[in-house]
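Scroll down for the structure; my scribbles are underneath it.
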Amino acid sequence: MKNLKQALDRLGTYFQKGEKLESFHPLYEAIRTIFFVPGDATVRMPAVRDSLDLKRFMSLVIVALIPQTLFGMLNTGTIALVAEGVAPTWGHALYRGAEAFLPMLVVSYGVGLTWEGIFAIVRGHKISEGFLVTGLLFPLTLPPTVPLWQVAAGISFGVVVGKEVFGGTGRNILNPALTARAFLFFSYPVAMSGDTVWVATRSVDAVTGATPLSLALGAKGEAVPEALIRSGYSFWNMFSGQIPGSVGETSALLCIFSAVFLCAVGVASFRIIVGGILGVIAMGALVALLSSELSPWHWINPLDHLIMGGFAFGITFMATDPVSAPGTDGARWAYGFFIGVLTVIVRAYNAAYAEGVMLAILFMNLFSPMLEIIEIKVRTGRRVPNV
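Going by the working numbering, the sequence shown opens with residue 1019, and the numbers climb by one from there.
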C-alpha cells in the first residue's frame, strides 16, 4: 500500500492548482479516497470531531444493504430456474440472479458517477460518497427484467433532477433513488407497474403474475388468505421474501436486521421506522373498519401491509435518508407515521398503483422541512414565556 500511496501522490501533482489537469482534481480525489483516508486537517476553530463522517456513514449503509443484495440475487435466480423447470441449487441460483442484477448495478454506478463527475468538475467541488448508496439502492428497487437503457435513464433523472439541480449531496429535498424509481414508473408504467411481478427466464422474455396486493384486491371476502396461499404467498414466504418482485425489496425479515443495525450504529432513526409501522397499523385498521364487507380491504389484516410490497425496504432505507428526512425527534415521529398512513391510503384508494410506499415517502419528503419548523416553533413557544 505504501507504493500505491506514493504513486497516487506523484500522480496528484498533475491535478494541483495551476496545473493543466486542475479541472479534473475532483475525479483524482474520488479515486484516491477509495484507497486512503483524506489527510486534510482542521486548522481553524470551531473543530467538530465525530467518528461518523460522510464516508463512514455511507459505508455503513452499504454494509446493511449487502444481505438484501445477496438474497435478492439468490431469490431472483431461484424463481427463474423454477419457472424454467430446473431444480435450483444455491450456486446456480446465485449465478442466475447475478446475471440479471449485476449489469443493472454496473449501469447504475457507471451512468450515475458520470453525472456526478460532470457536475463536480463544473462546480469545482469533490465527488460526494453519497452516490455509493443511491447507485445501489436504485437497482434494488427494480424488477430483474428492466431494460438497461431504462436503468440509465432512471438514474440520470434521479441524479440530475433529484439531487444536482438542488446543489448536490446534502441539499436535495427528495430521495434521489426514489426520484429515479418514480420517473421510471410514470414514464414506463407497463414495464414498472406495481400490479405484476416479474420472473427473468431464458425460455421466454418474462413470466408475470399478480402481486400479493393485487391478489388481495381481486379476492372477495374471507377468500383473501386462501387466494394468497394458493398463489404461493403464504405469510412466511412474504415475510422471508421468497416471492417474485423487485430484486431487493421482497424480504421483510432481512429489513428488520438491517433496521436494527442502522439504528444501533446511529445511521437511521428508530423514530421514523417505528412511526411508519404504527402509521401502517393504525390506518390499516381504520380502513378495515370503514370498508364494507364487500370490500377486500375489510378482510386484510393490517399487519399484512407491513410485509406486502416494498414497505419494509422503503421505511428502512429510503425514509431514513438523513438529507430528505427531518432532523428533530418529534418531526421524525410524525414523518414516519404519515408515511405509513399514506402508504395504506394509496394502496386502498388508488386502483392505478397497488404499492404506495414510494409515493408516500416522496410526498413526505416535501413536508419534512415544515414538520421541523412546526416542532421548533412549538418548542420555542413553550420556552419564551419562561425567559
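Glycine included, every Cβ here is placed at the ideal spot set by N, Cα and C.
Going by other Cβ atoms of all chains shown within 10 Å of its Cβ, with 16 needed for buried, is residue i buried or exposed?
i, result
"Q1034", "exposed"
"W1351", "buried"
"P1165", "exposed"
"M1388", "exposed"
"N1193", "buried"
"D1223", "Legend: pLDDT at D1223 = 49, less than 50; position of this residue unreliable, no value from coordinates given."
"L1233", "buried"
"A1372", "buried"
"T1096", "buried"
"A1286", "buried"
"I1247", "exposed"
"S1386", "buried"
"P1121", "exposed"
"A1138", "buried"
"T1094", "buried"
"L1280", "buried"
"F1204", "exposed"
"R1028", "exposed"
Who are the Cβ neighbours of residue i in its own chain at under 7 Å, not counting the five residues just before and after it?
i, result
"I1392", "none"
"V1129", "A1170, I1173, S1174"
"F1329", "V1298, H1323, T1361, V1375"
"N1383", "I1191, L1192, N1193, S1342"
"R1400", "none"
"V1125", "L1166, V1169, A1170"
Could you pull out every residue in the same chain whose Cβ sits closer than 6 Å to the Cβ of residue i, ignoring the five residues on either side in sequence?
i, result
"V1396", "none"
"G1134", "The residue asked about is misnamed: residue 1134 is Glu in this sequence, not Gly. Within the same chain, E1134 has close Cβ partners I1145, F1149."
"D1339", "N1193"
"F1201", "G1172, F1175"
"L1123", "P1157"
"T1197", "G1176, G1180"
"I1409", "Coverage of the chain is limited to positions 1019 through 1405, which leaves residue 1409 absent and any answer about it impossible."
"T1346", "E1390, E1393"
Looking only at C-alpha atoms, which of the options sits nearest to residue i?
i, options, result
"P1085", "V1265, S1205, V1177, W1167", "V1265"
"L1112", "V1341, L1092, V1125", "L1092"
"S1252", "R1199, M1326, V1151, I1363", "M1326"
"A1337", "S1309, G1302, N1319, L1380", "L1380"
"I1394", "G1348, Y1367, L1377", "G1348"
"A1300", "P1320, Y1206, G1186", "P1320"
"Q1168", "Y1206, L1120, V1305", "Y1206"
"A1306", "L1196, I1363, Y1127", "I1363"
"E1147", "L1078, Y1367, S1269", "L1078"
"R1189", "A1378, T1398, V1359, P1344", "P1344"
"L1377", "G1250, W1254, A1195", "A1195"
"G1153", "W1108, I1080, F1204, W1254", "I1080"
"A1366", "P1162, F1204, F1075, L1304", "L1304"
"R1199", "I1318, L1160, P1230, Y1127", "L1160"
"S1269", "V1283, M1256, V1278, F1279", "M1256"
"R1331", "T1197, E1244, F1075, I1274", "For the sequence presented, residue 1331 should be read as Phe rather than Arg. The candidate whose alpha carbon is nearest that of F1331 is I1274."
"G1302", "I1357, L1029, G1250", "I1357"
"A1245", "A1138, I1318, F1288, T1107", "I1318"
"V1283", "H1110, T1031, F1075", "F1075"
"L1231", "F1288, N1368, W1108", "N1368"
"R1141", "H1110, F1184, A1025", "F1184"
Keeping to the same chain, check which residues put their C-beta closer than 8 Å to that of residue i; ignore five residues upstream and five downstream.
i, result
"L1272", "P1085, Q1086, F1089, G1259"
"L1083", "V1151, L1154, L1155, L1158, G1266, S1276, F1335"
"G1250", "I1261"
"A1105", "L1099"
"W1108", "L1092"
Within 8 Å, do at least three Cβ pairs link the segment 1106-1118 to the segment 1177-1192? no
Segment contact, 8 Å Cβ cut-off, at least three pairs: the segment 1276-1294 with the segment 1343-1359: yes
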